[in-house]
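Read through the structure below, which is laid out as structure tokens, and then see the notes.
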Amino acid sequence: MTNSDRVDSASRYIVASPTAVYRAFSEPSAIVQWMAPAGMTGTMLAFDFREGGSYRMRLTYSEPGQGKTTADADEFSAQWVRLVDGECIEQAIAFDSSDPQFAGVMRMIWTFQPGTDGTLVTVRCENVPAGIRPEDHEVGLNSTLANLAAFLESE
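Under our numbering, the first residue of the sequence shown carries the number 105, and numbering increases by one thereafter.
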């Protein structure tokens, strides 16, 4: 069940070009390095980077007992709704869970605003499932952005 009124978002300035940020989404080997928030590891199960394409990913918790799909993992499918190189990426995310609190499709819109020596990356999540606590989502989104910054700024 989604909460259609709920929007969660986070932003971070990253010392990388908007095109470099966009490219970090285009390779499955890159995404698994930065997408998983702290305390989780990512595994790519399927990947087709194009508008209308999709990917499937598993996020495994280092501490079992927190998962939405299994006791130790969250799995989700994501469709690439809109891809504009160096500007934005829009995804439609569906979590695999038998719990109706995680049902529905969440929209994630990533925008890349160029700056003097980098990019302001903002992720906006719409229709967030009610089962995702706002405080946990805030921590997770900021952790993912920190991982993305570390990945790009170390290149």
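Ideal placement from N, C-alpha and C gives every residue a C-beta, glycine not left out.
Rounded to a whole number of angstroms, what is the C-alpha to C-alpha distance between residue i and residue j?
| i | j | result |
| --- | --- | --- |
| V136 | F206 | 22 angstroms |
| G260 | S202 | This structure gives no information on residue 260, because the portion of the chain shown stretches from 105 to 259. |
| E194 | E167 | 30 angstroms |
| D160 | T145 | According to the sequence displayed, residue 160 carries Arg and not Asp. Their Cα atoms are separated by approximately 14 angstroms. |
| E155 | F129 | 13 angstroms |
| A245 | A140 | As written in the sequence, residue 245 is Leu, which differs from the Ala given in the question. Going by the C-alpha atoms only, they are around 9 angstroms apart. |
| A177 | T223 | 31 angstroms |
| C192 | L249 | 15 angstroms |
| A198 | T174 | 15 angstroms |
| E131 | A254 | 16 angstroms |
| R116 | T226 | 7 angstroms |
| L256 | V125 | 7 angstroms |
| P204 | G169 | 18 angstroms |
| S158 | G171 | 22 angstroms |
| S317 | N231 | The question about residue 317 has no answer, for the chain in this structure spans 105 to 259. |
Considering only DSSP beta bridges, list what residue i is partnered with.
| i | result |
| --- | --- |
| Y165 | M144 |
| D112 | C229 |
| E179 | R162, D200 |
| F206 | None, per the DSSP bridge assignment. |
| L224 | Y117, Q217 |
| L187 | I193 |
| M212 | Q195, C229 |
| A150 | R160 |
| T174 | A177 |
Taking its Cβ as the centre, do 16 or more other Cβ atoms sit within 10 Å of residue i, making it buried, or is it exposed?
| i | result |
| --- | --- |
| T123 | exposed |
| L149 | exposed |
| V188 | exposed |
| A142 | exposed |
| V119 | exposed |
| E179 | buried |
message: Within 8 angstroms, do at least three Cβ pairs link the stretch 228 to 243 to the stretch 111 to 119?
response: Result yes; three or more Cβ-Cβ pairs closer than 8 angstroms.
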